[in-house]
Structures are given as C-alpha cells and as structure tokens.
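Asks: These protein sequences, in sequence, are chains E and V. Here the first sequence is numbered in the UniProt record's numbering, starting from 1 and rising by one per residue. Here the second sequence is numbered in the UniProt record's numbering, starting from 1 and rising by one per residue. I'd like to ask some things about the structure below.
2 protein chains.
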Amino acid sequence: MAAPYTLRWGILATGWIAEVFTKDLLADPALRGVHDVRHEVVAAASSSSKDRAADFLAKVKAPSTAKAYGSYHELVADPDVDIIYVATPHSHHFQNAMLALEAGKHVLCEKALTVTAAQARKLIETARAKGLFFMEAVWTRYFPLSIQVRNLIKSGAIGTVYRTTADLSLGNDAGDGKVKFDDAHRMVNPALAGGALLDLGIYSLTWVFQTLYHLQPEGEKESPITIAAVTKYHTGADEATSIIVNFPRHKSQGIATTSLRVSTDPDGQNTAGPAIRIQGSEGEIQVMGPAYSPLQYRVIRRDSPGKVEVVDCPIPKDPITGWGQGMFWEADECARCLRDGRKESETLPWEESVVIMEVMEQALRQGGVEYPELITTDVYDPQSPLNTGKR
Amino acid sequence: MAAPYTLRWGILATGWIAEVFTKDLLADPALRGVHDVRHEVVAAASSSSKDRAADFLAKVKAPSTAKAYGSYHELVADPDVDIIYVATPHSHHFQNAMLALEAGKHVLCEKALTVTAAQARKLIETARAKGLFFMEAVWTRYFPLSIQVRNLIKSGAIGTVYRTTADLSLGNDAGDGKVKFDDAHRMVNPALAGGALLDLGIYSLTWVFQTLYHLQPEGEKESPITIAAVTKYHTGADEATSIIVNFPRHKSQGIATTSLRVSTDPDGQNTAGPAIRIQGSEGEIQVMGPAYSPLQYRVIRRDSPGKVEVVDCPIPKDPITGWGQGMFWEADECARCLRDGRKESETLPWEESVVIMEVMEQALRQGGVEYPELITTDVYDPQSPLNTGKR
Numbered sequence: 001m002a003a004p005y006t007l008r009w010g011i012l013a014t015g016w017i018a019e020v021f022t023k024d025l026l027a028d029p030a031l032r033g034v035h036d037v038r039h040e041v042v043a044a045a046s047s048s049s050k051d052r053a054a055d056f057l058a059k060v061k062a063p064s065t066a067k068a069y070g071s072y073h074e075l076v077a078d079p080d081v082d083i084i085y086v087a088t089p090h091s092h093h094f095q096n097a098m099l100a101l102e103a104g105k106h107v108l109c110e111k112a113l114t115v116t117a118a119q120a121r122k123l124i125e126t127a128r129a130k131g132l133f134f135m136e137a138v139w140t141r142y143f144p145l146s147i148q149v150r151n152l153i154k155s156g157a158i159g160t161v162y163r164t165t166a167d168l169s170l171g172n173d174a175g176d177g178k179v180k181f182d183d184a185h186r187m188v189n190p191a192l193a194g195g196a197l198l199d200l201g202i203y204s205l206t207w208v209f210q211t212l213y214h215l216q217p218e219g220e221k222e223s224p225i226t227i228a229a230v231t232k233y234h235t236g237a238d239e240a241t242s243i244i245v246n247f248p249r250h251k252s253q254g255i256a257t258t259s260l261r262v263s264t265d266p267d268g269q270n271t272a273g274p275a276i277r278i279q280g281s282e283g284e285i286q287v288m289g290p291a292y293s294p295l296q297y298r299v300i301r302r303d304s305p306g307k308v309e310v311v312d313c314p315i316p317k318d319p320i321t322g323w324g325q326g327m328f329w330e331a332d333e334c335a336r337c338l339r340d341g342r343k344e345s346e347t348l349p350w351e352e353s354v355v356i357m358e359v360m361e362q363a364l365r366q367g368g369v370e371y372p373e374l375i376t377t378d379v380y381d382p383q384s385p386l387n388t389g390k391r
Numbered sequence: 001m002a003a004p005y006t007l008r009w010g011i012l013a014t015g016w017i018a019e020v021f022t023k024d025l026l027a028d029p030a031l032r033g034v035h036d037v038r039h040e041v042v043a044a045a046s047s048s049s050k051d052r053a054a055d056f057l058a059k060v061k062a063p064s065t066a067k068a069y070g071s072y073h074e075l076v077a078d079p080d081v082d083i084i085y086v087a088t089p090h091s092h093h094f095q096n097a098m099l100a101l102e103a104g105k106h107v108l109c110e111k112a113l114t115v116t117a118a119q120a121r122k123l124i125e126t127a128r129a130k131g132l133f134f135m136e137a138v139w140t141r142y143f144p145l146s147i148q149v150r151n152l153i154k155s156g157a158i159g160t161v162y163r164t165t166a167d168l169s170l171g172n173d174a175g176d177g178k179v180k181f182d183d184a185h186r187m188v189n190p191a192l193a194g195g196a197l198l199d200l201g202i203y204s205l206t207w208v209f210q211t212l213y214h215l216q217p218e219g220e221k222e223s224p225i226t227i228a229a230v231t232k233y234h235t236g237a238d239e240a241t242s243i244i245v246n247f248p249r250h251k252s253q254g255i256a257t258t259s260l261r262v263s264t265d266p267d268g269q270n271t272a273g274p275a276i277r278i279q280g281s282e283g284e285i286q287v288m289g290p291a292y293s294p295l296q297y298r299v300i301r302r303d304s305p306g307k308v309e310v311v312d313c314p315i316p317k318d319p320i321t322g323w324g325q326g327m328f329w330e331a332d333e334c335a336r337c338l339r340d341g342r343k344e345s346e347t348l349p350w351e352e353s354v355v356i357m358e359v360m361e362q363a364l365r366q367g368g369v370e371y372p373e374l375i376t377t378d379v380y381d382p383q384s385p386l387n388t389g390k391r
C-alpha cells in the first residue's frame with residue numbers, strides 16, 4: 001500500500017468550530033477506516049495574539065512542531081501550509097478566504113460560505129484563476145450517512161423525489177420576547193452576519209439541495225425559484241426563516257426552515273421525529289436530526305406497510321479520548337481532491353455553493369435583512385479589519 | 001331535559017361527499033353524546049334528475065318522507081328545509097350557495113368555500129344582509145380533537161406557538177409523469193377548480209389557521225403575508241402547492257403543503273409520523289394524519305424528555321352499522337348556532353373563511369393557476385349552468 005497522502009493544515013481562527021475541526025484533523029484516520037490520506041496541523045493563527053494561537057494549539061493537543069501566529073497574514077505566508085481552514089464567523093469568510101487564496105493557499109472555508117453570492121463568486125473566480133482548491137465546509141455532505149442517502153435516492157429506492165422538508169431549529173426562546181443569546185452574540189448580531197438562516201438554515205438548505213438540486217443530472221440543473229418568509233429579531237437579524245425552493249421543471253419543491261425559538265427536537269431525544277423528510281413517489285427517507293450531524297436515517301416504503309428500515313451511522317470515536325465529531329470526513333475530501341489534482345469537490349461543486357448563497361441572499365433580501373457594508377463588500381482588502389483584527 | 005332542537009336539512013348534490021355527510025346526519029346523536037340537537041334529512045336534489053336524488057336518498061337510508069328533487073331550484077324553494085348543505089364541487093359553491101341564500105335558506109357550504117375571495121365575500125354579504133346562517137364546512141375544526149388541541153395551545157401547554165407545519169398529500173403519482181386521476185377528474189380539472197390546494201391544501205391551511213390565526217386575540221388578528229410555490233400539472237391545475245403564511249407581528253409562521261405525487265403517509269399506517277407539527281417555545285403538539293380526519297395527537301414537552309402524551313380521539317361509530325365519519329360534529333354546530341340565533345360559527349368565523357380564501361387565491365395567482373370565468377365570477381346568476389346543471 002502506498003504511503004498516505006498528507007495534507008498540511010493552517011487553522012485560521014481559534015474559536016469553538018476551529019477547535020472541533022482541528023481535533024478531528026488530529027484523530028487517527030484509521031479509526032474511520034481511512035488509510036489513503038492523513039492530516040497534519042502545521043500552524044494556527046489568532047488575529048488578536050500569538051498567545052491565543054499557542055493556547056489553541058495546546059488545547060487541541062497539536063504536535064509541538066505546530067506554529068502559533070498572531071496574525072492571519074503570517075499564517076497564509078507560511079510555506080509549510082498547504083491549505084487554510086477558515087474558521088471565523090461567516091461575516092469574515094470573504095476577506096479571510098481571499099487573503100489565503102491571494103497568498104496561494106488552498107482553502108476550506110466554513111459555512112455559510114459568505115454573506116453575499118457576489119462574494120462567493122469572487123472567491124471561486126480567484127481560486128479558478130490561481131488554480132487553487134476551494135471548498136465550502138458543509139461537513140454534513142461528507143458523512144457516510146449523507147452518501148448513503150444520496151445513493152438510495154439515486155437507486156430509486158423511494159421512487160422520484162418530489163419534495164424534501166428540512167428543519168434546523170434549536171429552541172432558544174427566552175420567554176420574555178428575547179432569545180437566549182446576547183444581542184452582541186454572532187447568532188443575532190448583524191455586524192457578524194448573525195441570524196438563523198446563515199448559521200443554521202444553511203443545513204436545512206443543505207438537505208434540500210443534496211437531495212434535490214445536487215441529484216439533478218448535469219445539463220438538467222435547474223436554478224430554483226426562491227421564496228422566503230423571515231421573522232426579524234429586534235437586532236435586525238432573522239430569528240426564523242422559512243424558504244421554499246421550487247424547481248418547476250423537475251416538479252420538485254424543497255422546504256427549508258430554521259428558527260431560534262422553536263426546536264426541531266423539543267425534548268432533546270428526537271422524540272418529535274425526523275428533522276428531514278425526503279418524499280418520493282414510492283416512499284420516504286427520514287433523517288433524524290440534528291440536520292448538521294445526523295446519526296440515523298429511516299426508509300419507509302409504500303409497498304412495505306408498517307415496516308421501517310432503520311440505519312444507524314455512528315461517528316467513529318477515538319477509543320481512548322472518546323473524540324470524534326465527523327468533521328474529519330470533509331477534511332479527507334480536501335486531501336483526496338488535492339491528491340488527485342481536483343480544484344473542487346464533486347460533492348459540493350463551486351456552482352452549487354453559489355446557487356445556495358443566491359438562495360440565502362434572496363431569502364434575506366425578501367425578508368428585509370441587511371448587513372453592513374464592511375461584511376457585504378466583495379472588494380478584497382488585505383487590510384480589512386476582518387483580516388487584521390484591528391478596528 | 002328540553003326536547004332537542006331539530007334542524008331540517010336539504011342536501012344539494014348527490015355525490016360522494018353528500019353521501020358521507022348525509023349518513024352522518026342520520027346517525028343517532030346520542031352515540032356521540034349529543035342530546036341537545038338533532039337532524040332531519042328533509043330533501044335532496046340532483047341537478048340532473050329526480051331519479052338520481054331518489055336513488056341517493058335510498059342509498060343513504062333517508063326517511064321515506066324525504067323528498068327527491070330534480071333541480072336545485074326546487075330544493076331551495078322547499079318550505080320544509082331550514083338549511084342547505086352545498087355538496088357540489090367547489091367550482092359550483094358560489095352559485096349554489098347564492099341560490100340557497102337568495103331563497104332565504106341557511107347554508108352549510110362545503111370547502112373550499114369558493115374559487116375566489118370575492119365570491120366568499122359576496123356570499124357573506126348576502127347572508128348578513130338576509131340575516132341567514134352561513135358556514136364553511138371545514139368539518140375538522142369541529143372534531144373534539146381539534147377543540148382539545150386548540151384548548152391545549154390556549155392553556156400554554158407548549159408555550160407560545162411560533163410555527164405550525166401541516167401537510168395533506170395523498171400519493172397519487174402514476175409513475176409515468178401523470179397522476180392517478182383522469183384529466184377530467186375534479187382533482188385536476190381546471191373547469192371544476194381542480195388542483196391540490198383547493199381540495200386538499202385547505203386542510204393543511206385549516207391546521208395552520210386554527211393553531212395560529214384563530215387563536216390570535218380579537219383586535220390583534222393579523223392578516224398573513226402569503227408566499228407560495230406551485231407545481232403545475234399538465235392540465236393547468238396545481239399538483240403541488242406549498243404556502244408559507246407569515247404573521248410578522250406575532251413572530252409566527254405557518255407552512256401548509258399539499259401534493260398529489262408524494263404522500264404524508266406513504267405506507268398508509270402513519271409510520272412516517274405526524275401530518276401536523278405545532279411548535280411552541282416549550283414543546284410540540286403533533287397531530288397524526290390525515291389532516292382532514294385526525295384520530296390521534298401527541299404532546300411532547302421540553303421539560304419531559306422522552307415522554308410522549310398520546311391522546312386518541314376516535315370517531316364514534318354506530319354499533320350496528322359501523323358508520324360514523326365525524327362530519328356530524330359540524331352539523332351539530334350548525335344546529336346550535338341556529339338554535340341560539342347565531343349567524344356564524346365562532347369556530348370558523350366568516351372573516352376567517354375570507355382570509356383563508358385570500359391566502360389560497362394569492363397562492364394560486366403566484367403560481368399562475370387560472371380558472372375559467374364561469375366558475376370565478378362573483379356575479380350571481382340563478383340560471384348559471386352551475387345551478388341548472390344544463391350546458
């Protein structure tokens with residue numbers, strides 16, 4: 001067996017999602033049955049201080065060789081780094097990912113990819129022009145569960161899929177008209193592109209897209225007609241958004257919902273049932289939530305009344321540390337693409353990321369949600385406060 | 001105990017729904033615990049022939065005194081009839097209900113009430129001007145189950161309700177691009193105001209409205225913003241419609257869906273779960289389908305993880321014939337309203353029927369569905385073919 005292909009990562013930002021992802025990067029690929037690729041954490045950067053980056057590397061138990069940087073500029077200049085994982089809030093993604101691409105680095109950029117569709121297009125143009133790999137980090141798409149579900153649909157197991165409903169709602173009502181996030185929190189703060197849709201609704205849309213749009217044959221892809229209802233929070237961000245994406249030519253509709261007040265799973269035990277229903281002419285595939293990290297799906301067939309095929313897809317855990325969140329699968333995809341010279345992933349092509357950003361942008365526009373110029377501009381500025389951390 | 005109030009019915013049309021309703025009228029009210037009102041079937045009319053009406057009366061086992069008419073005009077002129085049950089396709093409702101009101105009869109009119117909101121308004125104006133009782137026959141609202149669910153919501157059992165999703169989809173895909181209805185069938189025939197929304201989607205909207213709009217306090221009622229996606233069948237009728245009704249001031253959203261191709265209940269055993277999810281800040285009420293005739297609801301509370309309160313609400317059946325469909329409850333409501341001098345039902349006020357018609361009209365307009373002038377006009381014509389049965 002050939003030696004595994006090694007991908008060397010630089011982690012841009014040191015918050016919660018950076019921590020989860022990096023710990024997954026450091027998990028032994030063999031534990032998930034992966035032997036053809038491996039990951040190295042080469043460096044991490046905080047825009048505020050080198051100490052913070054060092055603390056981060058210590059916390060995730062990165063190798064002692066990993067370098068700590070106090071600026072994103074230093075990180076993207078590191079010649080030992082192959083790919084940058086952009087782990088900032090989505091308000092920052094465009095500027096941070098541009099910084100990395102302009103420095104000649106491949107990029108895995110957290111979702112939501114950007115704040116506007118124009119920003120997403122600009123990033124992709126840049127990646128294409130520079131011959132760099134670029135991918136939106138919608139980790140759920142790379143779950144074996146997602147792959148199985150897509151394959152089931154392709155196999156015709158539930159006939160033709162005409163409708164998918166998907167919800168990710170976390171139940172954070174505070175009971176006093178507010179939700180359980182401080183107004184400055186990224187979930188509700190317009191300055192950070194806050195709101196339910198870009199943070200949570202992207203997962204509902206992921207299920208709508210990977211079961212409808214993604215499976216439309218090449219050459220028959222149909223950009224959806226998007227309509228949306230938005231409930232605005234007092235900060236101006238969306239606290240609840242419901243979107244219908246209509247594909248008239250395919251006679252299919254997707255309904256993606258998200259809310260900060262109600263919950264897909266009110267009792268936290270999935271008692272309420274599936275978060276996702278993929279409805280075909282011959283049956284239905286139900287995916288138990290949460291939509292971002294599903295562990296079980298069920299198949300109900302019209303011709304097998306009362307029978308449910310239940311399939312569990314656990315995330316492999318490290319037997320010693322107990323760690324394993326399922327973000328490693330998207331990292332493996334990055335490694336394989338780079339190994340094979342592919343600039344984009346077939347599982348989430350550039351074009352599809354842009355269409356999804358267009359849907360979200362239209363939804364927010366229909367709902368009258370507006371974000372500030374600093375985070376919506378598609379003019380790259382290496383000295384943007386979003387890149388320097390300075391006000 | 002006082003003698004029960006007796007309501008004397010005239011049945012306008014002799015099709016399937018007329019049969020079900022009339023057999024329910026003839027069921028012993030005591031079997032459902034009702035002793036204050038009773039129903040008499042006085043007459044029935046077919047627009048095509050007296051024989052057809054006579055056959056109908058024989059089939060439903062109406063009393064031998066019941067009169068058979070070969071025209072709607074004769075029926076509405078019968079002085080023994082208090083109230084007309086309009087059981088024609090919804091294409092005919094406006095003209096038929098006007099015929100009855102103009103003849104001075106109270107009216108229970110099948111759903112969907114009309115084809116346009118203007119028609120609904122005209123009917124209500126006429127009923128008001130003439131001091132007649134008028135009600136849309138959305139029978140599900142009068143189910144004890146519906147009453148219990150509304151009371152549960154009012155009691156705050158699941159906190160503030162912010163979102164309701166409701167689906168009625170019957171799974172009639174034929175596998176060859178068509179659905180299992182002949183193009184002339186009322187389900188898909190634009191000449192009969194065919195399509196999923198007016199026939200099935202009205203029930204999805206019923207759940208959205210009775211759990212959101214209906215429970216908004218008087219004086220705080222908020223007409224929704226309606227957005228809809230429509231998939232058109234080759235006949236021009238809608239084969240699938242998804243509607244979001246947004247109540248921004250109440251921060252609530254309702255999502256009502258219907259489809260002829262996929263099914264709420266693909267295996268016919270409710271294995272797929274609830275048809276309706278009423279989502280509050282503290283929990284969720286789930287109603288098992290079909291949305292028009294639900295027999296069970298479940299309550300999931302945030303503070304009782306893993307516990308589901310399951311409440312069965314069977315429809316009382318005649319122990320001898322086995323009959324009982326649950327349409328008698330709306331008939332009882334008509335009798336009580338008339339007994340008490342009320343012209344409209346508090347459970348489905350005129351104003352609410354109009355708002356729902358406005359929502360459906362907007363949805364179909366957004367989807368580009370058009371119906372012919374004959375069935376959309378709001379000019380009453382006693383000699384309309386819809387009243388005479390003549391072409």
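Backbone N, C-alpha and C define an ideal beta-carbon position, used for all residues, glycine too.
Verify the CB distance criterion: does S263/V have a CB-CB separation below 9 Å to chain E?
Replies: For the purposes of this step, residue 263/V is taken as residue 263 along the second sequence, with counting starting at 1. At least one chain E Cβ lies under 9 Å of S263/V.
Asks: Indicate whether at least one CB of chain V lies closer than 9 Å to the CB of P274/E.
Replies: Position 274 of the first sequence, counted from the first residue, corresponds to residue 274/E. Yes, because at least one Cβ of chain V sits closer than 9 Å to the Cβ of P274/E.
Asks: If you follow the beta strand (DSSP E) that A68/V is part of, which residue opens it and which one closes it?
Replies: Numbered from its first residue, the second sequence carries residue 68/V at position 68. Per DSSP, A68/V belongs to the beta strand (DSSP E) from 67 to 69.
Asks: Taking only runs that begin and end inside the stretch 79 to 138 of chain E, name each unbroken beta strand (DSSP E) of 3 or more residues, in chain order.
Replies: With a minimum length of 3 residues, the continuous beta strand (DSSP E) runs that stay inside the stretch 79 to 138 of chain E are 83 to 86, 106 to 110, 134 to 137.
Asks: How many angstroms separate the CA atom of P4/V from the CA atom of R301/E?
Replies: Numbered from 1 along the second sequence, position 4 holds the residue referred to as residue 4/V. Numbered from 1 along the first sequence, position 301 holds the residue referred to as residue 301/E. Roughly 49 Å between the two C-alpha positions.
Asks: Q286/V touches chain E at which residues, Cβ-Cβ below 8 Å?
Replies: For the purposes of this step, residue 286/V is taken as the residue at position 286 of the second sequence. The answer, in chain order, is A272, G273.
Asks: Can you find the residues in the same chain that come closer than 6 Å, C-beta to C-beta, to G283/E, ignoring five residues on each side of it along the sequence?
Replies: As a first step, residue 283/E is located in the first sequence; it is residue number 283 there, counting from the start. Result list for G283/E: I158, I300, R301, R302, in chain order.
Asks: Nearest chain E C-beta to V208/V closer than 9 Å, yes or no?
Replies: The residue given as residue 208/V occupies position 208 in the second sequence. Not closer than 9 Å to any Cβ of chain E, the Cβ of V208/V fails to qualify, so no.
Asks: Could you check where the beta strand (DSSP E) with G43/E kicks off and where it finishes?
Replies: What you label residue 43/E is simply residue 43 of the first sequence in a count that begins at 1. For the record, residue 43/E in the displayed sequence is Ala; it is not Gly. Unbroken beta strand (DSSP E) run through A43/E: 37 to 45.
Asks: Helix or strand or just coil, what does DSSP make of S204/V?
Replies: Locating residue 204/V in the second sequence gives position 204, counting from the first residue. Helix.
Asks: Applying a beta-carbon distance threshold of less than 9 Å, which residues of chain V neighbour R365/E?
Replies: Within the first sequence, the letter at position 365 stands for residue 365/E. Simply none; closest approach about 13 Å.
Asks: Using a Cβ-Cβ cut-off of 9 Å, state whether D173/E counts as contacting chain V.
Replies: Translated into positions along the first sequence, residue 173/E becomes position 173. Chain V contact via Cβ: present.
Asks: Confirm, please, whether the CB-CB distance from F247/V to Y203/V is below 9 Å.
Replies: Here residue 203/V is taken as the residue at index 203 of the second sequence, counted from 1. Here residue 247/V is taken as the residue at index 247 of the second sequence, counted from 1. No.
Asks: Locate the alpha helix (DSSP H) running through I344/V, then write down its first and last residues.
Replies: Counting from one through the second sequence, the residue named residue 344/V turns up at place 344. Note that residue 344/V corresponds to Glu in the displayed sequence, not to Ile. Looking at the DSSP string, E344/V is not in any alpha helix (DSSP H), and its letter there is neither H nor E.
Asks: Tell me the DSSP secondary structure of L170/E in three-state form.
Replies: Taking the first sequence and counting its residues from 1, the one referred to as residue 170/E is at position 170. L170/E falls in the strand class under three-state DSSP.
Asks: T388/E to P63/E, Cα distance in whole Å?
Replies: Residue mapping note: residue 388/E aligns to position 388 of the first sequence, counting from 1. Residue mapping note: residue 63/E aligns to position 63 of the first sequence, counting from 1. Whole-angstrom Cα-Cα distance: 26 Å.
Asks: With a Cβ-Cβ cutoff of 9 Å, do A196/E and A228/E count as a contact?
Replies: By one-based count along the first sequence, residue 196/E stands at place 196. By one-based count along the first sequence, residue 228/E stands at place 228. No, the Cβ-Cβ distance between A196/E and A228/E is not below 9 Å.
Asks: Identify which residue in L75/E, Q253/E, H106/E, G306/E has its Cα closest to the Cα of Y162/E.
Replies: Reading the first sequence from its first residue, position 162 is the one you call residue 162/E. When only C-alpha atoms are compared, the closest one is Q253/E.
Asks: For N189/V, is the classification buried or exposed, using 16 other Cβ atoms within 10 angstroms of its Cβ as the cut-off for buried?
Replies: As a first step, residue 189/V is located in the second sequence; it is residue number 189 there, counting from the start. Per the 10 Å Cβ criterion, buried.
Asks: For N270/V, which three-state DSSP category applies?
Replies: Indexing the second sequence from 1 puts residue 270/V at position 270. N270/V: coil per DSSP, three-state reduction.
Asks: Consult DSSP for V20/V and reduce its assignment to one of helix, strand or coil.
Replies: Here residue 20/V corresponds to residue number 20 of the second sequence, with the count starting at 1. V20/V falls in the helix class under three-state DSSP.
Asks: How big is the Cα-Cα spacing for P319/E and A27/E?
Replies: The residue you call residue 319/E lines up with position 319 of the first sequence. The residue you call residue 27/E lines up with position 27 of the first sequence. Going by the C-alpha atoms only, they are around 11 Å apart.
Asks: Any beta carbon from chain E within less than 9 Å of K23/V's own beta carbon?
Replies: Here the question's residue 23/V lines up with position 23 in the second sequence. Not one chain E Cβ lies under 9 Å of K23/V.
Asks: Using only CA atoms, which one of L260/E, S155/E, Q362/E, E309/E lies nearest to G171/E?
Replies: As a working note, residue 171/E is residue 171 in the first sequence. Measuring from the Cα of G171/E, the nearest candidate turns out to be L260/E.
Asks: Chain A beta carbons: is any one of them nearer than 9 Å to that of R163/E?
Replies: Absent from the structure: chain A. Protein chains present are E and V.
Asks: By how many angstroms is the C-alpha of P144/E removed from the C-alpha of F133/E?
Replies: Against the first sequence, residue 133/E aligns to sequence position 133. Against the first sequence, residue 144/E aligns to sequence position 144. Computed Cα separation, rounded: 22 Å.
Asks: Suppose you measure from the CA of G156/V to the CA of A174/E; what does that come to, to the nearest Å?
Replies: Position 156 of the second sequence, counted from the start, is the residue given in the question as residue 156/V. Position 174 of the first sequence, counted from the start, is the residue given in the question as residue 174/E. Their Cα atoms are separated by approximately 15 Å.
Asks: Tell me which residue opens and which closes the beta strand (DSSP E) that V369/V is part of.
Replies: By one-based count along the second sequence, residue 369/V stands at place 369. Element bounds for V369/V: n/a, residue is neither H nor E.
Asks: Grouping DSSP H, G and I as helix and E and B as strand, with all else coil, what is E239/V?
Replies: Start at 1 with the first residue of the second sequence, and residue 239/V comes out as number 239. Strand.
Asks: Drop a sphere of 10 angstroms on the beta-carbon of D151/E, count the other beta-carbons inside from all chains shown, and report buried for 16 or more, exposed for fewer.
Replies: One-based indexing of the first sequence puts residue 151/E at position 151. At residue 151/E the sequence reads Asn, which differs from the Asp that was named. Exposed.
Asks: Quick one: what does DSSP say E222/V is sitting in, helix, strand or coil?
Replies: Counted from its first residue, the second sequence places residue 222/V at position 222. It is coil, neither helix nor strand.
Asks: For the stretch 347 to 356 of chain E and the stretch 364 to 373 of chain E, state whether three or more C-beta atom pairs, one from each stretch, are separated by less than 8 Å.
Replies: No contact exists between the stretch 347 to 356 of chain E and the stretch 364 to 373 of chain E.
Asks: Have a look at E351/E, K59/E, A30/E, R186/E and flag the residue whose alpha-carbon is nearest the alpha-carbon of G219/E.
Replies: Position 219 of the first sequence, counted from the first residue, corresponds to residue 219/E. Comparing Cα-Cα distances from G219/E to each of E351/E, K59/E, A30/E, R186/E, the minimum goes to E351/E.
Asks: To which residues of the same chain is T116/E closer than 6 Å at the C-beta, ignoring the five residues directly before and after it?
Replies: Reading the first sequence from its first residue, position 116 is the one you call residue 116/E. Closer than 6 Å at the Cβ level, and outside the excluded window around T116/E, lie E361, T376.
Asks: Tell me, please, which residues DSSP counts as bridged to L12/E.
Replies: Locating residue 12/E in the first sequence gives position 12, where the first residue counts as 1. Note: L12/E sits in a beta bridge opposite A45/E, V86/E.
Asks: Taking 9 Å as the CB-CB limit, is I300/V close to chain E?
Replies: The residue labelled residue 300/V in the question sits at position 300 within the second sequence. At least one chain E Cβ lies under 9 Å of I300/V.
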